[in-house]
Amino acid sequence: MTREKMLAYCLAKPGAWLDQPWEGDEVVKVGSRIFAFLGSPDGEARVGVKCGPNRDVADEWLHRFPDDAKASPYIGRSGWNTLRLDGGIGDEELTDAVDGSYDVVVAKLPKRERPTG
């Protein structure tokens with residue numbers, strides 16, 4: 001999957017919007033919270049997503065895709081992984097990971113920030 005396709009997929013989610021909280025790094029948010037880290041448009045094709053409620057659950061990705069998944073820096077202990085887009089993880093699995101991250105983030109948003117519909 002290309003970075004452009006992943007970005008388009010993320011932005012198609014209800015209430016999703018692109019932000020650049022750090023110079024050169026793009027993230028996709030719903031409400032006030034990030035559900036996908038895409039990094040720099042010129043960098044490695046990857047997406048950072050919430051892959052489980054904790055590190056133990058998220059580690060399943062690392063075991064299944066040792067060359068293409070790693071714990072995200074700084075927030076990995078909370079179940080976030082960075083997944084390569086142009087590696088051995090299939091497009092459907094990548095979009096499923098984004099869907100899961102989005103759903104978890106939306107569920108934790110205050111009701112006033114949740115997308116409708």
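Anchor point for the sequence shown: position 3 equals 3 in the UniProt record's numbering, and the numbering is continuous, going up by one each time.
Note that beta-carbon positions come from the ideal geometry of N, C-alpha and C, so glycine has one too.
Since this is a predicted model, take the numbers as computed values, not measurements.
{"Asked": "Identity of the residue in 108, 82, 112 and 96 nearest residue 44 by Cα", "Found": "82"}
{"Asked": "Residues near residue 115 by beta carbon distance below 6 Å, same chain, minus five either side", "Found": "14 and 15"}
{"Asked": "Sequence-distant residues of its chain with Cβ nearer than 6 Å to residue 62 (five each side left out)", "Found": "69"}
{"Asked": "Backbone secondary structure at residue 36 - three-state DSSP", "Found": "strand"}
{"Asked": "Limits of the alpha helix (DSSP H) - the one that residue 8 falls within", "Found": "3-11"}
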